[in-house]
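K.L.:
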Amino acid sequence: MRGTKTILTAMLGLTVAVSGCASLPDSSSPQAVGTIAREPTTTSVPPPAPGREPDLLLRDFLRASTDPANRHLAARQFLTADMSAGWDDAASATIVDKVDVLPESRSAERATYVIRANRVGHLEEGGVYRADEGPFETRITLVLTGGEWRIDEMGPGVVMDRPQFLNGYQRRSLYFVDPSGRTVVPDPRWIAATQDQTAAQLIDLLIEGPKAALAPAVRTELGSGVSVRGPITKADGRTTQVGVGLGGVRIDFLGLKPLGKESREMLAAQVIWTLANAEITGPYVLLADGQPLDERFPNGWTTADVASMNPLATSSATIGLHALRGGGLVSVAETGVTPVPGAFGAATNLRSVALSHDGELAAAVADTGRPAPEATAELLIGPYRDGTAARALQGESITRPTWALDDNSVWAVVNGTNVVRVVREPGTGRVTVLPVDAGSVRAVGNVISDLRLSRDGVRAAMIVDGRVYVAVVVQKSNGEFSLTTPREIAIGLGSPALSLDWSTPDTVVVARSASDVPVVQVAVDGSRMDALPSRNLTPPVVAVEASTTSEFVADSRAVFQLNNADPAGDRYWREVPGLTGLQAVPVLPG
Numbered sequence: 001m002r003g004t005k006t007i008l009t010a011m012l013g014l015t016v017a018v019s020g021c022a023s024l025p026d027s028s029s030p031q032a033v034g035t036i037a038r039e040p041t042t043t044s045v046p047p048p049a050p051g052r053e054p055d056l057l058l059r060d061f062l063r064a065s066t067d068p069a070n071r072h073l074a075a076r077q078f079l080t081a082d083m084s085a086g087w088d089d090a091a092s093a094t095i096v097d098k099v100d101v102l103p104e105s106r107s108a109e110r111a112t113y114v115i116r117a118n119r120v121g122h123l124e125e126g127g128v129y130r131a132d133e134g135p136f137e138t139r140i141t142l143v144l145t146g147g148e149w150r151i152d153e154m155g156p157g158v159v160m161d162r163p164q165f166l167n168g169y170q171r172r173s174l175y176f177v178d179p180s181g182r183t184v185v186p187d188p189r190w191i192a193a194t195q196d197q198t199a200a201q202l203i204d205l206l207i208e209g210p211k212a213a214l215a216p217a218v219r220t221e222l223g224s225g226v227s228v229r230g231p232i233t234k235a236d237g238r239t240t241q242v243g244v245g246l247g248g249v250r251i252d253f254l255g256l257k258p259l260g261k262e263s264r265e266m267l268a269a270q271v272i273w274t275l276a277n278a279e280i281t282g283p284y285v286l287l288a289d290g291q292p293l294d295e296r297f298p299n300g301w302t303t304a305d306v307a308s309m310n311p312l313a314t315s316s317a318t319i320g321l322h323a324l325r326g327g328g329l330v331s332v333a334e335t336g337v338t339p340v341p342g343a344f345g346a347a348t349n350l351r352s353v354a355l356s357h358d359g360e361l362a363a364a365v366a367d368t369g370r371p372a373p374e375a376t377a378e379l380l381i382g383p384y385r386d387g388t389a390a391r392a393l394q395g396e397s398i399t400r401p402t403w404a405l406d407d408n409s410v411w412a413v414v415n416g417t418n419v420v421r422v423v424r425e426p427g428t429g430r431v432t433v434l435p436v437d438a439g440s441v442r443a444v445g446n447v448i449s450d451l452r453l454s455r456d457g458v459r460a461a462m463i464v465d466g467r468v469y470v471a472v473v474v475q476k477s478n479g480e481f482s483l484t485t486p487r488e489i490a491i492g493l494g495s496p497a498l499s500l501d502w503s504t505p506d507t508v509v510v511a512r513s514a515s516d517v518p519v520v521q522v523a524v525d526g527s528r529m530d531a532l533p534s535r536n537l538t539p540p541v542v543a544v545e546a547s548t549t550s551e552f553v554a555d556s557r558a559v560f561q562l563n564n565a566d567p568a569g570d571r572y573w574r575e576v577p578g579l580t581g582l583q584a585v586p587v588l589p590g
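Written out as structure tokens, the structure reads:
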């Protein structure tokens with residue numbers, strides 16, 4: 001594991017790495033796997049600078065390799081004619097960091113260099129980022145031709161230096177529908193596109209469907225056989241210059257199956273939230289075979305028309321902040337804290353608490369008072385306010401509960417390895433404990449110390465042996481649930497993770513056992529890890545709760561809040577009014 005210094009030097013980019021050049025699916029497409037080439041263009045690209053020394057030419061070549069247009073035409077200008085004809089740029093797309101260009105041999109007309117770097121990313125088909133770590137090394141030979149150095153021998157695939165990759169590519173999310181049809185779920189992709197090509201690329205990828213790991217957990221109304229008729233234009237249909245703030249979008253879909261009202265709304269939500277979160281504004285004129293997708297919106301949809309499926313919606317603003325204080329659940333106001341009415345507010349032995357998304361129910365882990373190795377913890381579920389809490393299970397250890405989207409079930413990890421789903425019957429309050437297939441997670445580590453479901457219920461973020469993973473939640477045909485394809489996303493964290501929570505549907509906030517950078521924010525695909533401010537915090541930070549607007553942490557002194565709307569230069573942790581100077585753990589719904 002890399003040390004603390006590594007995370008500090010790389011925190012404003014991706015501190016992730018990727019494995020060696022694994023074999024990838026064959027493709028007849030002329031674009032490199034993962035690079036999502038822009039449409040062919042006649043625009044000329046700058047040629048290599050004349051008289052360039054071979055080592056500097058190689059660095060220029062890596063910079064040019066981030067432009068996928070016309071089968072990496074910008075990069076091909078650095079190759080000899082024979083090398084260009086034989087170069088398979090579609091073999092792989094590897095992102096590297098800390099590049100060293102080391103001379104191996106050189107004569108008057110031939111030079112060989114070794115490129116050594118850290119692997120920090122790999123793009124798979126469709127712009128899917130895959131995080132891993134490990135060294136990277138390749139040899140490149142150049143020859144002097146026509147008085148200029150050109151690359152004559154190198155391996156297949158594209159190699160991109162991380163800073164240039166971040167300048168040339170953008171992370172955008174496609175949106176698919178969760179199994180219940182209540183909300184949309186992000187599928188992050190990295191694309192290289194000019195402003196007026198972004199909409200077309202995103203819609204093409206949306207039609208292709210979710211990435212393989214996510215596909216079993218989501219739905220889409222844009223199935224096989226669907227295409228777009230003609231170009232995507234502005235809402236008035238008069239121009240194809242579609243982009244940020246350029247007067248809406250008009251898309252005419254072909255091949256849509258007959259859709260009911262609910263399905264039309266879900267399709268619109270997929271398209272609108274995909275475009276809106278890529279800063280492509282409405283109105284969104286959606287057509288099916290030339291006719292309005294929905295007769296209610298002949299002049300276009302807006303985000304307000306699909307607000308019920310907003311992926312960034314949060315319930316914490318209406319339910320409010322709570323806290324675990326003195327072993328009981330309290331509500332937090334600027335003037336202080338008040339125990340909530342009912343069993344959870346009256347308790348004095350709670351270790352952790354989770355509120356349902358609607359704020360009607362609570363789940364808590366309580367201390368049984370018995371010594372180890374007996375069951376020292378028990379999971380309780382019941383009404384937030386009045387009524388009694390039902391005992392669901394006991395164990396030597398139970399992680400902080402986390403609520404599913406339906407608010408009828410909570411997940412937890414018992415004794416570090418057994419993931420369970422506790423279902424509560426709404427009418428009777430009876431609880432049933434069901435196992436979750438977590439074999440794929442246990443294969444990557446020994447102890448799961450924290451598990452949090454995303455608010456859409458489709459992913460689970462976990463701490464396994466101090467490392468951060470995200471798995472996909474899949475419901476099997478028999479109704480059972482499983483955690484599949486766990487991926488480590490915070491590679492290079494440097495210190496063990498202590499606590500985590502979902503900030504947005506595609507970012508996770510992590511508290512780590514370090515004094516310099518105690519809290520970081522990590523992209524769900526592992527492509528970025530960014531330091532959150534540390535000002536005012538006194539490590540260790542032992543707990544974190546997050547929403548789309550704020551992060552809350554408990555450090556060694558009190559509870560602090562970070563407001564995401566604050567200007568970057570004035571963004572720091574502030575003590576929470578009502579909890580000033582109090583030892584407590586913040587609690588948000590969901």
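Counting along the sequence shown from 1, when you hit position 589 you're at 589 in the UniProt record's numbering, and nothing is skipped either side.
Even glycine gets a Cβ: it sits at the ideal position worked out from N, Cα and C.
Could you tell me the boundaries of the beta strand (DSSP E) in which E137 lies?
P.N.:
By 1-based counting over the sequence shown, the position of residue 137 is 137. Per DSSP, E137 belongs to the beta strand (DSSP E) from 135 to 145.
K.L.:
Identify the residues that DSSP records as bridge partners of F176: which are they?
P.N.:
Position 176 of the sequence shown, counted from the first residue, corresponds to residue 176. Answer is V185.
K.L.:
Using CA atoms only, rank isn't needed, just tell me which of Q164, P179, R391 is closest to D456.
P.N.:
Position 456 of the sequence shown, counting from 1, holds the residue named residue 456. When only C-alpha atoms are compared, the closest one is P179.
K.L.:
Starting from the C-beta of A108, find all residues in its chain whose C-beta is less than 8 Å away, skip the five residues before and the five after it, and write them out in chain order.
P.N.:
The count along the sequence shown starts at 1 and reaches residue 108 at position 108. Taken in chain order, the residues that qualify are L144.
K.L.:
Assuming V414 and L393 form a contact by the criterion Cβ under 8 Å, report the distance between their Cβ atoms to the nearest whole angstrom.
P.N.:
The count along the sequence shown starts at 1 and reaches residue 414 at position 414. The count along the sequence shown starts at 1 and reaches residue 393 at position 393. Their Cβ separation, rounded to whole angstroms, is 7 Å, which keeps V414 and L393 in contact under 8 Å.
K.L.:
Taking DSSP as the reference, what is the three-state secondary structure of G157?
P.N.:
Here residue 157 refers to the residue found at position 157 of the sequence shown. Three-state result, G157: coil.
K.L.:
For G492 and A131, I'd like the C-alpha separation in whole angstroms.
P.N.:
What you label residue 492 is simply residue 492 of the sequence shown in a count that begins at 1. What you label residue 131 is simply residue 131 of the sequence shown in a count that begins at 1. If you take the alpha carbons of G492 and A131, they lie about 11 Å apart.
K.L.:
Threshold first: 3 residues or longer. Then list the beta strand (DSSP E) segments lying entirely within the UniProt domain "GerMN" (199 to 297), N to C.
P.N.:
Qualifying beta strand (DSSP E) stretches, in chain order: 249 to 254, 284 to 288.
K.L.:
Could you check if L582 is buried or exposed, using at least 16 other CB atoms within 10 Å of its CB as the buried criterion?
P.N.:
Within the sequence shown, residue 582 is the residue found at index 582, counting from 1. Buried is the call here.
K.L.:
Give me the Cβ distance between Y284 and G300, rounded to the nearest whole Å; I'm assuming they're in contact under 8 Å.
P.N.:
As a first step, residue 284 must be located in the sequence shown, where it is residue number 284. As a first step, residue 300 must be located in the sequence shown, where it is residue number 300. Contact flag correct, Cβ pair sits at about 5 Å.
K.L.:
At a cut of 8 Å, does the region 177 to 197 reach the region 213 to 222 through at least three beta carbon pairs?
P.N.:
The region 177 to 197, when compared against the region 213 to 222, does touch it at the 8 Å Cβ threshold.
K.L.:
For a quick check, are the C-beta atoms of L453 and M462 less than 8 Å apart?
P.N.:
In the sequence shown, counting from the first residue as 1, residue 453 sits at position 453. In the sequence shown, counting from the first residue as 1, residue 462 sits at position 462. No, they are not a contact pair.
K.L.:
Taking only runs that begin and end inside the region 375 to 454, name each unbroken beta strand (DSSP E) of 3 or more residues, in chain order.
P.N.:
Counting whole runs of 3 or more residues, the region 375 to 454 contains the beta strand (DSSP E) stretches 377 to 383, 390 to 395, 409 to 414, 418 to 424, 431 to 435, 448 to 453.
K.L.:
Can you name, in chain order, every residue of its own chain whose Cβ lies under 7 Å from the Cβ of P426, other than the five neighbours on each side?
P.N.:
Position 426 of the sequence shown, counted from the first residue, corresponds to residue 426. Contacts found: N408.
K.L.:
Nearest CA to the CA of D60: which residue from N70, P68, A69, A49?
P.N.:
Against the sequence shown, residue 60 aligns to sequence position 60. Out of N70, P68, A69, A49, A49 has the C-alpha closest to the C-alpha of D60.
K.L.:
Beta carbon of A377, beta carbon of T388: below 8 Å?
P.N.:
Locating residue 377 in the sequence shown gives position 377, counting from the first residue. Locating residue 388 in the sequence shown gives position 388, counting from the first residue. No, these two residues do not count as a Cβ contact at 8 Å.
K.L.:
Output the boundary residues of the beta strand (DSSP E) element that contains R512.
P.N.:
For this step, residue 512 is matched to residue 512 along the sequence shown. Residues 507 to 512.
K.L.:
Please classify L56 as buried or exposed, where buried requires at least 16 neighbouring CB atoms within 10 angstroms.
P.N.:
For this step, residue 56 is matched to residue 56 along the sequence shown. It is exposed - the Cβ of L56 has fewer than 16 other Cβ atoms within 10 Å.
K.L.:
Applying the criterion that 16 or more other CB atoms from any shown protein chain within 10 Å of the CB defines a buried residue, is R264 buried or exposed?
P.N.:
Along the sequence shown, read from residue 1 onward, the residue named residue 264 stands at position 264. With 16 or more other Cβ atoms within 10 Å, it is buried.
K.L.:
Which residues bound the alpha helix (DSSP H) around Q521?
P.N.:
The residue labelled residue 521 in the question sits at position 521 within the sequence shown. Looking at the DSSP string, Q521 is not in any alpha helix (DSSP H); the run it does join, the beta strand (DSSP E), is 519 to 523.
K.L.:
Helix, strand or coil for S28 per DSSP?
P.N.:
In the sequence shown, the residue the question calls residue 28 occupies position 28. Residue placement at S28 cannot be trusted, given a pLDDT of 30 that sits under 50; the coordinates are not used to answer.
K.L.:
Only counting runs of 4 or more residues, tell me where the alpha helix (DSSP H) segments fall wholly within the region 306 to 357, in order along the chain.
P.N.:
Runs of the alpha helix (DSSP H) inside the region 306 to 357: 316 to 319, 343 to 346.
K.L.:
If you run the structure through DSSP and keep just helix, strand and coil, what is S124?
P.N.:
Counting from one through the sequence shown, the residue named residue 124 turns up at place 124. Per the sequence presented here, residue 124 reads as Glu, with Ser not at that position. Reduced to three states, the DSSP call for E124 is strand.
K.L.:
My output table needs one value for S65: the three-state DSSP class, helix, strand or coil.
P.N.:
Residue 65 sits at position 65 when you count from the first residue of the sequence shown. Note: S65 maps to coil in three-state DSSP.
K.L.:
Can you name the start and end residues of the alpha helix (DSSP H) that D82 belongs to?
P.N.:
Your numbering for residue 82 matches position 82 in the sequence shown. Residues 81 to 86.
K.L.:
With respect to the alpha helix (DSSP H) encompassing Q164, which residues constitute its N-terminal and C-terminal limits?
P.N.:
Reading the sequence shown from its first residue, position 164 is the one you call residue 164. Taken as a continuous stretch (DSSP letters only), the alpha helix (DSSP H) holding Q164 covers 162 to 168.
K.L.:
On the three-state DSSP scale, how would you describe A74?
P.N.:
Here residue 74 refers to the residue found at position 74 when the sequence shown is read from its first residue. Looking at A74 - three-state DSSP - the assignment turns out to be helix.
K.L.:
What residues match up with T112 in a beta bridge as DSSP calls it?
P.N.:
As a first step, residue 112 must be located in the sequence shown, where it is residue number 112. According to DSSP, which records beta bridges pairwise, T112 is partnered with S105, T141.
K.L.:
Return the chain-ordered list of same chain residues with a C-beta closer than 7 Å to the C-beta of R351, the five sequence neighbours on each side being excluded.
P.N.:
Within the sequence shown, the letter at position 351 stands for residue 351. Once the five neighbours on either side are set aside, the close Cβ partners of R351 are V365, A366, D367, A377.
K.L.:
Count the CB pairs spanning the region 568 to 579 and the region 552 to 560 that are closer than 8 Å, and state whether there are at least three.
P.N.:
With a cut-off of 8 Å, the region 552 to 560 and the region 568 to 579 count as touching, because enough Cβ pairs lie within range.
K.L.:
With a 10 Å radius around its C-beta and 16 neighbouring C-beta atoms as the bar for buried, classify E545 as buried or exposed.
P.N.:
The residue given as residue 545 occupies position 545 in the sequence shown. The residue is buried, with at least 16 neighbouring Cβ atoms inside 10 Å.
K.L.:
If you count every other CB in all the chains shown that lies within 10 Å of the CB of residue 594, and 16 or more means buried, which is it?
P.N.:
Outside the shown range of the chain, which is 1 to 590, sits residue 594, and nothing can be said about it.
K.L.:
Which of the three DSSP states is assigned to P586 in this structure?
P.N.:
Here residue 586 refers to the residue found at position 586 when the sequence shown is read from its first residue. Of the three classes helix, strand and coil, the one that applies to P586 here is strand, per DSSP.
K.L.:
State the Cα-Cα distance for the pair V474 and R106, rounded to the nearest angstrom.
P.N.:
Within the sequence shown, numbered from 1, the residue matching residue 474 stands at position 474. Within the sequence shown, numbered from 1, the residue matching residue 106 stands at position 106. For V474 and R106, the distance between alpha carbons rounds to 56 Å.
K.L.:
With DSSP run on the structure shown, which of helix, strand or coil describes L58?
P.N.:
In the sequence shown, residue 58 corresponds to position 58, counting from 1. DSSP places L58 in helix when its eight states are reduced to three.
K.L.:
Note down the Cα distance separating E396 from G326, rounded to an integer number of angstroms.
P.N.:
The residue labelled residue 396 in the question sits at position 396 within the sequence shown. The residue labelled residue 326 in the question sits at position 326 within the sequence shown. Each residue's Cα considered, the two are about 21 Å apart.
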